[in-house]
Amino acid sequence: MSVTQPLPRDSGSEPGEAEYDVVVIGAGFSGMYALYKLRGLGLRLKGFEAGDGPGGTWYWNRYPGARVDIESMIYSYSFDEALEQEWKWPEHFSPQPDLEVYANYVADRFGIRDQIQFETTVSRLRFDDATSRWHIGTDRGDEVSARFVIAATGSLNATNIPDFKGAGTFQGQWYHTSKWPKDGVDFGGKRVGIIGTGSTGIQVIPVVAKEAAHLTVFQRTANFSIPSRNRPVDSDYERDWKQNYRKYREMMKSTASAAVLLGQRTDRSVFDVSDEEREEILERAWESRSGFKFTGSFKDIRTNPEANEIVAEFVRRKIRQTVKDPEVAELLCPKTHPLGTKRLCLDSGYYETYNRDNVKLVDVRASPITEITPAGLRTTAGEYELDMLIYATGFDAMTGSMTRMNVTGAGGLRLEDKWANGPTNYLGFLVAGFPNLFMIHGPGSPSVLAQMIMSAEWQVDWLYDRITYMLARGFERVDTTEQWEENWGREVEAAADATLYKKADSWYLGANIPGKPRVFMVYVGGFDNYTRRCTEVVQNGYEGFAFG
Ligand code: NA7
């Protein structure tokens, strides 16, 4: 599409500032695609990325065992057919290095790398009401201005390191999984401690256990995990995908997860079948090689507590069968939240790891961590001596990457203040009082609950159309109102209320960060419904948008 009215040059930048039309923050899969797509508008684009390479999540999370939990033929870009055909994924569920290689390949293949300034963290964003421009400062002293800012900053980017007493006193090595050293870490001969048994902990624990002299796992909440049954991609499977990519991508768009293809939405209830039949269905799903399809076995797993409990008990039986020590097995059986209300984990030999002689599981729910000591870690039950401590303690999810940028909107409104009681926005894209600032995978969007590459492509395409619309009509700014934020907030809340999600103290709710407001931050109504709603509001004459 051609732009009829290019943005005027000299449009309100301050002296010394480099002037752009669009600044994209973050060079993960969303940010890279935004830079690629918006090129078509002939605008002056600039990308900033804190890392020294592209990939976002798959740049930062280079801990051993890091692996995507959606099949790679699905979890990959769809915007370029030649890319789909020429790329070869070695494994069904790609490990981090393969995803990083892919990100680098895409950055070079499409000339995106040159648009990005790496090793640069955006530290300040200020909107100027008079000129409708954003002024952007970085930790390297850059001062630039832009009409539009696209925050492709990731849902899980701001690390959470719990504020344990004595944390600075530890004499050994320590790491957070999402800021893992590029040169790797040698666990040989070490007594390692890992705090956290979320998706990350469950991936890193089996690998560390094999290499370390001893591993102590500090578990506060047992999580549900199912075997990924990862394997090399075989040629028949690959051929089928490559021959049918267009059809499959279209099918993905009409699903809740933008991912799973066949048989995803079933009408079958847990209670529609006999006990034997149910066991057989679950057993097949457990043995199958399709990851999250396990929770798609019945329609009511996510919504009905009794149905959920029956399936949860199936998983607990599997844990008890796998883990030889009954006490350890019982500790590993999740009992604090329904299955799937925290991210279901896909593992490679997680439960089996607890059968090793060099692995100890410590229950820090019963005996909480009281302090980090020079020699290790102390709980109310005693001290554990360690040479190395790994924090697999997650993220200040959804909001942290935004608020840590010091964002000031119209009239001096600070995003941190605006979101003091939880993030508000319209459609996950726009925050009232912060014109021309667009979020990809923002709070209130499907973000982590839909396949994030397709979801990002869809959101960027949608933004492209909105920016095109504005340029064609000479609009300089777009904002929304608190009323529309409230309306959207109610839709997000209602979607969550229709499920069991709120029954878990998850990061979806901000419950993992002490003091963070308890607001459900992910739109769980499904990618299909989300995209339909976003399309509808445009068709209804741009409901909720204030152009100026
Ligand atoms: P998660 O899922 O937030 O897991 C963090 C883990 O760290 C979890 O087991 C927490 O226990 C534990 N944790 C956090 N703080 C503490 C303290 N203070 N004491 C003890 N244990 C603690 O992060 P991940 O990185 O594993 O996964 C994030 C997402 O990445 C995942 O959902 C996928 O979408 C991919 P808790 O459960 O809070 O009791």
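At position 363 of the sequence shown the residue is numbered 345 (this note's numbering), and the sequence of numbers has no breaks.
By construction, the Cβ of each residue, glycine as well, lies at the ideal position given by its N, Cα and C atoms.
Is it right to say E467 is buried, meaning 16 or more other beta carbons lie within 10 angstroms of its own, or is it exposed? Taking the sequence shown and counting its residues from 1, one reaches residue 467 at position 485. E467 should be labelled buried.
Of the choices F529, W444 and M503, whose alpha-carbon is the least far from that of A16? By one-based count along the sequence shown, residue 16 stands at place 34. It is W444.
Outcome for Y18 when other beta-carbon atoms lying within 10 angstroms are tallied against a minimum of 16: On the sequence shown, position 36 is the one that residue 18 refers to. It is buried - the Cβ of Y18 has at least 16 other Cβ atoms within 10 Å.
Taking only runs of the alpha helix (DSSP H) that begin and end inside the segment 11 to 55, which ones reach a length of at least 4 residues, in chain order? 11 to 20 and 39 to 42
Apart from the five residues just before and just after A414, which ones in its own chain have a Cβ nearer than 6 Å to its Cβ? Here the question's residue 414 lines up with position 432 in the sequence shown. For A414, where only same-chain residues beyond five positions count, the Cβ hits under 6 Å are T462, T463, E464 and E467.
From P79, S58, A32 and D145, residue whose alpha carbon lies closest to that of I495: Counted from its first residue, the sequence shown places residue 495 at position 513. Checked all of P79, S58, A32 and D145; the closest Cα to I495 is D145.
Tell me whether V255, by its Cβ, gets closer than 7 Å to a heavy atom of the ligand NA7. Along the sequence shown, read from residue 1 onward, the residue named residue 255 stands at position 273. Incorrect: V255 has no Cβ contact closer than 7 Å to the ligand NA7.
Residue environment, Y408, which counts as buried when at least 16 other CB atoms sit within 10 Å: If you number the sequence shown from 1, residue 408 lands on position 426. Classification for Y408: buried.
Determine the extent of the alpha helix (DSSP H) in which P188 is found, giving its start and end residues. Here residue 188 is taken as the residue at index 206 of the sequence shown, counted from 1. Segment S181 to E193, the alpha helix (DSSP H) holding P188.
Anticipated Cβ contact below 8 Å, V199 with V341, distance rounded: The sequence position of residue 199 within the sequence shown is 217, counting from 1. The sequence position of residue 341 within the sequence shown is 359, counting from 1. About 7 Å; that satisfies the 8 Å criterion.
Please give me, in chain order, every unbroken run of the beta strand (DSSP E) with length at least 3 that falls completely inside the segment 109 to 146. 115 to 120 and 125 to 133
Return the CA-CA distance between F509 and G(-2), expressed in angstroms with no decimal places. Indexing the sequence shown from 1 puts residue 509 at position 527. Indexing the sequence shown from 1 puts residue -2 at position 16. If you take the alpha carbons of F509 and G(-2), they lie about 43 Å apart.
Say yes only if the C-beta of G47 is nearer than 7 Å to one or more non-hydrogen atoms of the ligand NA7, and no if none qualify. Position 65 of the sequence shown, counted from the first residue, corresponds to residue 47. G47: no, Cβ never under 7 Å from the ligand NA7.
Exposure label - P531; buried when at least 16 CB within 10 Å: There is simply no residue 531 to check, as the chain begins at -17 and stops at 530 in what is shown.
Secondary structure of P214, DSSP reduced to three states: In the sequence shown, residue 214 corresponds to position 232, counting from 1. P214 falls in the strand class under three-state DSSP.
State the beta-bridge partners of S207 as determined by DSSP. Within the sequence shown, residue 207 is the residue found at index 225, counting from 1. C327, per the DSSP bridge assignment.
Along the alpha helix (DSSP H) that carries W156, what are the first and last residues, could you check? Taking the sequence shown and counting its residues from 1, the one referred to as residue 156 is at position 174. Note, W156: premise wrong, no alpha helix (DSSP H); beta strand (DSSP E) at Q155 to H158.
Compute the minimum distance between the beta carbon of P(-3) and the heavy atoms of the ligand NA7, and state whether it is under 7 Å. By one-based count along the sequence shown, residue -3 stands at place 15. Checking the Cβ of P(-3) against the ligand NA7 gives no.
Go through its chain and collect everything with a Cβ distance to P499's Cβ below 7 Å, but skip five positions before and after it. Counted from its first residue, the sequence shown places residue 499 at position 517. Result list for P499: N403, G404 and G492, in chain order.
Given this structure, state the Cα-to-Cα distance separating Q78 from F420, to the nearest angstrom. Counted from its first residue, the sequence shown places residue 78 at position 96. Counted from its first residue, the sequence shown places residue 420 at position 438. Whole-angstrom Cα-Cα distance: 28 Å.
Cα-Cα separation between Q97 and L20, rounded to whole angstroms: Position 115 of the sequence shown, counted from the first residue, corresponds to residue 97. Position 38 of the sequence shown, counted from the first residue, corresponds to residue 20. Rounded to the nearest angstrom, the two C-alpha atoms are 12 Å apart.
Below 8 Å, can you find three or more Cβ-Cβ pairs linking the segment 100 to 108 to the segment 55 to 73? no
Assess, as a yes-or-no matter, whether the segment 131 to 140 is touched by the segment 425 to 439 under the definition of 3 or more beta carbon pairs within less than 8 Å. yes
How about R338 and C315: do their beta carbons lie closer than 8 Å? Here residue 338 corresponds to residue number 356 of the sequence shown, with the count starting at 1. Here residue 315 corresponds to residue number 333 of the sequence shown, with the count starting at 1. Not a contact, by the Cβ cut-off of 8 Å.
How is the alpha helix (DSSP H) around Q465 delimited, first residue to last? The residue you call residue 465 lines up with position 483 of the sequence shown. Here the alpha helix (DSSP H) through Q465 covers E464 to D479.
Regarding T203 and the ligand NA7, is the C-beta to nearest heavy atom distance less than 7 Å? Along the sequence shown, one-based indexing puts residue 203 at 221. Checking every heavy atom of the ligand NA7 against the Cβ of T203, one is found closer than 7 Å.
Can you list, in chain order, the residues of its chain with a C-beta nearer than 6 Å to that of F457? Leave out the 5 residues immediately preceding and following it. In the sequence shown, counting from the first residue as 1, residue 457 sits at position 475. So the qualifying residues of the chain are F529.
Are there three or more Cβ pairs, one per stretch, closer than 8 Å when the segment 272 to 291 is compared with the segment 46 to 57? yes
Would the C-beta of V430 count as close to the ligand NA7, meaning under 7 Å from any of its heavy atoms? Taking the first residue of the sequence shown as position 1, residue 430 is located at position 448. V430: yes, Cβ under 7 Å from the ligand NA7.
By alpha-carbon positions, which one of L343, Y157 and K317 ends up nearest to V310? In the sequence shown, counting from the first residue as 1, residue 310 sits at position 328. The residue with the shortest Cα to Cα distance from V310 is L343.
Less than 6 Å between C-beta atoms, sequence neighbours within five positions excluded: which residues of the same chain meet that for E68? The residue given as residue 68 occupies position 86 in the sequence shown. If we look at E68 and ignore the five residues flanking it on each side, it has no Cβ neighbours.
The ligand NA7 and A374: does the residue's C-beta get closer than 7 Å to at least one heavy atom of that ligand? Position 392 of the sequence shown holds residue 374. Within the cutoff, so yes.
For E101, count neighbouring Cβ atoms within 10 angstroms of its own Cβ and tell me buried if that reaches 16, exposed if not. Start at 1 with the first residue of the sequence shown, and residue 101 comes out as number 119. Classification of E101: exposed, given that the 10 Å Cβ count is below 16.
Comparing the CB of I177 with every heavy atom of the ligand NA7, is any distance shorter than 7 Å? One-based indexing of the sequence shown puts residue 177 at position 195. Yes, the ligand NA7 has a heavy atom inside 7 Å of this Cβ.
Where the alpha helix (DSSP H) containing R396 begins and where it ends: For the purposes of this step, residue 396 is taken as the residue at position 414 of the sequence shown. R396 -> no alpha helix (DSSP H), and no H or E assigned at all.
Neighbourhood of K224 by C-beta distance below 8 Å, restricted to the same chain and skipping five residues each side: Here residue 224 refers to the residue found at position 242 when the sequence shown is read from its first residue. So the list reads E66 and Q67, once near-sequence residues are dropped.
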